[in-house]
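The structure appears right after this line, and notes come after that.
Residue numbers (my numbering): 254 to 519.
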């Protein structure tokens with residue numbers, strides 16, 4: 254009887270709040286280094302105080318000012334080592350700020366202040382890791398401002414515009430119903446705006462693993478067969494899908510996976 258009750262409770266669980274993903278899964282699907290997942294999920298602050306990570310030995314500068322000192326891991330009950338779909342959707346959008354870490358200096362003045370934008374972004378990730386993100390409330394511009402307004406005000410205009418652009422693109426790739434994210438269309442290419450919405454993460458299909466939209470074909474299965482020697486044209490015929498979708502699935506699975514370090518990408 255106890256087993257039956259547990260089985261019934263499991264069936265009644267909200268699939269969007271079930272811990273489906275490991276940190277490695279999140280790193281693969283978000284295409285970021287593993288340590289970035291810790292920062293995006295708000296768990297990094299549980300392991301190491303920002304003041305320790307930002308010690309004065311790094312470029313001889315003191316830690317950036319805090320963004321929100323009221324947020325504490327103790328205020329959030331989620332302690333599972335796995336990540337829910339709802340949390341993954343929030344991390345997917347927040348990962349747009351990592352574009353700054355790959356954005357090199359353009360002028361001599363920016364080169365002089367090169368470490369500062371990176372340190373500011375890292376501090377923002379650590380301090381606001383548990384901050385809520387309200388999907389579907391207001392326009393995309395309003396949601397972006399609510400999420401990163403405090404961050405972009407500390408950056409120059411060019412970097413602030415870059416962050417807003419990346420976050421706005423990512424918001425359009427999260428399908429929302431009744432204020433709740435229901436599907437994520439992850440990036441399959443390096444440029445956010447060039448990634449077609451062919452791959453989807455849907456917790457109602459294959460436990461939220463990547464599949465082809467409206468077809469349910471697992472991308473990892475296609476990639477494994479491709480690695481085994483099957484041609485994309487053969488896979489397209491076997492699964493009755495356009496060959497361009499096969500190529501996109503292969504590109505997604507073989508895309509550059511962020512290394513475990515550096516902490517927040519290059």
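Virtual Cβ for every residue (Gly too), placed ideally from N, Cα, C.
Check: Enclosing beta strand (DSSP E) for residue 477 [first to last residue]; Outcome: No beta strand (DSSP E) contains residue 477, which is instead part of the alpha helix (DSSP H) from 472-480.
Check: 9 Å Cβ cutoff met for residue 457 and residue 272; Outcome: no
Check: Within 9 Å, strictly: CB atoms of residue 284 and residue 508; Outcome: yes
Check: Cutoff 7 Å; reference residue 275; Cβ partners in own chain excluding five residues on either side; Outcome: 335
Check: Contacts around residue 350, its chain only, beta-carbon distance under 8 Å, and the 5 residues preceding and following it disregarded; Outcome: 374, 377, 378, 401, 404, 416, 419, 420
Check: Proximal residues to residue 498 (C-beta, below 7 Å), its chain only, five neighbours per side dropped; Outcome: 451, 465
Check: Minimum C-alpha distance to residue 339 - residue among 427, 459, 370; Outcome: 427
Check: Segments of 4+ residues assigned as alpha helix (DSSP H) that fall wholly inside the segment 402-469; Outcome: 410-425
Check: Where residue 438 falls, given that 16 or more other Cβ within 10 Å makes a residue buried; Outcome: buried
Check: DSSP beta-bridge partners of residue 370; Outcome: In the DSSP output, where bridge partners are listed per residue, residue 370 has none listed.
Check: Beta-carbon gap between residue 346 and residue 386 smaller than 9 Å; Outcome: yes
Check: The alpha helix (DSSP H) enclosing residue 485, as first and last residue numbers; Outcome: 485-492
Check: Residue range of the unbroken alpha helix (DSSP H) whose run includes residue 273; Outcome: Here residue 273 belongs to no alpha helix (DSSP H); instead the beta strand (DSSP E) covers 272-274.
Check: Under 9 Å between C-beta atoms of residue 491 and residue 483; Outcome: yes
Check: Residue 393 versus residue 293: straight-line alpha-carbon distance, rounded; Outcome: 20 Å
Check: Presumed contact (8 Å Cβ cut-off) between residue 409 and residue 436, rounded CB distance; Outcome: Rounded, the Cβ-Cβ distance is 35 Å, inconsistent with contact.
Check: Separation of residue 348 from residue 462, as counted between CA atoms; Outcome: 19 Å
Check: Under 9 Å between C-beta atoms of residue 424 and residue 399; Outcome: no
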